[in-house]
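Let me begin by presenting the structure, written as structure tokens, before commenting on it.
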Amino acid sequence: MLTPTRPHHRLAVALTALGVLLTGAALQTTTAAPAHAATTHRVLFDNGHAETAGNADWIISTSQPNPLSEDSSPSAETDWTGALSSWGVALQKTGDYSLDTLPSGSKLTYGGTSATDLSNFDTLVLPEPNTLFTTAEKTAIMTFVKNGGGLFMISDHTGADRNNDGYDAVKILNDLMTNNSVDSTDPFGFSIDSLNITSGYPAAISDSTNAVLHGSFGTVTKSLIANGTTATLKPADNSAVKGLLYRSGYSGNTGAFFATSTFGSGKVAFWGDSSPIDDGTGQSGNTLYDGWNDTGATNAALALNATEWLSS
625 MLTPTRPHHR
635 LAVALTALGV
645 LLTGAALQTT
655 TAAPAHAATT
665 HRVLFDNGHA
675 ETAGNADWII
685 STSQPNPLSE
695 DSSPSAETDW
705 TGALSSWGVA
715 LQKTGDYSLD
725 TLPSGSKLTY
735 GGTSATDLSN
745 FDTLVLPEPN
755 TLFTTAEKTA
765 IMTFVKNGGG
775 LFMISDHTGA
785 DRNNDGYDAV
795 KILNDLMTNN
805 SVDSTDPFGF
815 SIDSLNITSG
825 YPAAISDSTN
835 AVLHGSFGTV
845 TKSLIANGTT
855 ATLKPADNSA
865 VKGLLYRSGY
875 SGNTGAFFAT
885 STFGSGKVAF
895 WGDSSPIDDG
905 TGQSGNTLYD
915 GWNDTGATNA
925 ALALNATEWL
935 SS
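Positions in the sequence shown are counted from 1; adding 624 to them yields my numbering.
What follows is the structure, encoded as structure tokens:
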């Protein structure tokens, strides 16, 4: 007797084979799917306000706006040219940051179409500006912060007028805070002191939960004053203001060498001297000093943690 065919069996085999193929395809699709990229923090360093006047060289690279045009994969501070190259290279090496510089002769804007418009960035770094911000620029900066941007203001001592125009960083940054169209009523809760403190190692407060003092780039213990200044805090004007490092013998609302605050949805950081960000390398002809790697301080951790806090 002939054995009848078994269509049900053949169908089951076919379905099983199809299932294997579909499962394999699904696995291939899952494997091939790209992982979600980490959030890139966008930082703009200002060089539109005489940041390289005199012996200053407060740039991350001579290639501006994009430092990657000088070296697309820097591994050492000398791969980019500028006294802030250590700062820039350290951020670049993490893979979490996109860095640009506002070139000399350019103006700060917010809400425009320029590639360096502040609306394209998370944080603006003002490394010892030596010319006044225009009325439009002050509006742009303050609106940027109010809407969620991070502002890093780095001063120097009173009288550090490197281009002899009658304005130093103390006057310029105080003018930004007290003479703008957005909020001139002590918006950040501090003012910069007109002082020239020749030397010192300001110490960090004890606060294990503070992201600037205890961040992913290390623990901050001290900073460096080599002709710098401090700030007077006014918590009655802005309760968010907080001193993080203080000149020896000072605490509370006076003698704050490094302070943070908020304004609107944004964040603010203040540093009283440009010496700690100077890595000793830069363009030829400048007399520079390595404060970034000063063995008595933790300036690199302070700069990098603060940038991360402002940009997050």
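Glycine included, each C-beta is placed from N, C-alpha and C at the ideal position. Owing to the predicted nature of the structure, the values given are computational and were not obtained by experimental measurement.
Worksheet item: In whole angstroms, what is the alpha-carbon distance linking asparagine 771 and lysine 846?
Response: Those two C-alpha atoms are separated by around 32 Å.
Worksheet item: Cα-Cα, which of Trp682, Ile765 and Asp807 is closest to asparagine 910?
Response: The alpha carbon of asparagine 910 has as its nearest neighbour, out of Trp682, Ile765 and Asp807, the alpha carbon of Trp682.
Discussion item. Please classify glycine 729 as buried or exposed, where buried requires at least 16 other C-beta atoms within 10 Å of its C-beta.
Written reply: Exposed.
Discussion item. Just to confirm, is the Cβ distance from leucine 797 to valine 667 under 9 Å?
Written reply: With respect to valine 667, leucine 797 sits apart: the two C-beta atoms are not nearer than 9 Å.
Worksheet item: In the DSSP assignment, what residue or residues form a beta bridge with glycine 890?
Response: In the DSSP assignment, glycine 890 is bridged to Phe887.
Worksheet item: Any idea if glutamine 907 is buried or exposed, counting beta-carbon neighbours within 10 angstroms, 16 or more meaning buried?
Response: Glutamine 907 comes out exposed.
Worksheet item: Do the region 884-896 and the region 807-821 make contact, defined as three or more Cβ pairs closer than 8 Å?
Response: With a cut-off of 8 Å, the region 807-821 and the region 884-896 count as touching, because enough Cβ pairs lie within range.
Practice prompt. Within 10 angstroms of the Cβ of glycine 876, are there 16 or more other Cβ atoms? Answer buried if so, exposed if not.
Written response: With fewer than 16 other Cβ atoms within 10 Å, it is exposed.
Item to complete: Enumerate in chain order the residues of its own chain whose CB-to-CB distance from asparagine 917 is below 6 Å, with the five nearest sequence positions on each side excluded.
Response: Counting only Cβ-Cβ distances below 6 Å, and skipping sequence neighbours, we find nothing.
Discussion item. Considering Cα atoms alone, identify which of Gly873, Thr853, Ala930 and Ala883 is closest to serine 983.
Written reply: Absent from the model: residue 983. The displayed extent of the chain is 625 to 936, so no value can be given.
Worksheet item: Hey, which unbroken runs of the alpha helix (DSSP H) at 4 residues or more fall wholly within the region 744-781?
Response: Taking only runs of at least 4 residues, the alpha helix (DSSP H) segments lying wholly in the region 744-781 are 759-770.
Discussion item. Tell me which residues share the same chain as alanine 921 and place their Cβ nearer than 7 Å to its Cβ, disregarding the 5 neighbours each side in the sequence.
Written reply: Within the same chain, Tyr825, Lys846, Ser847, Leu848 and Pro900 come within 7 Å of alanine 921 by CB-CB distance, once the 5 residues on both sides are set aside.
Fill in: threonine 759 versus Tyr874, Asn804 and Ser722, residue with shortest Cα-Cα distance
The shortest Cα separation from threonine 759 among Tyr874, Asn804 and Ser722 belongs to Asn804.
Discussion item. Do serine 815 and threonine 878 count as a contact pair if the criterion is CB distance below 9 Å?
Written reply: Cβ atoms of threonine 878 and serine 815: not closer than 9 Å.
Worksheet entry | Cut-off 8 Å between Cβ atoms - residues of its own chain near valine 844, not counting five sequence neighbours on either side | In its chain, beyond the 5 residues on either side, Ala828, Val836, Leu837, His838, Leu868, Leu869, Thr922, Ala925, Leu926 and Asn929 have a beta carbon closer than 8 Å to the beta carbon of valine 844.
Worksheet item: If we call anything under 9 Å between Cβ atoms a contact, is alanine 589 one with aspartate 903?
Response: Since the displayed the chain opens at 625 and closes at 936, residue 589 lies outside it and no answer follows.
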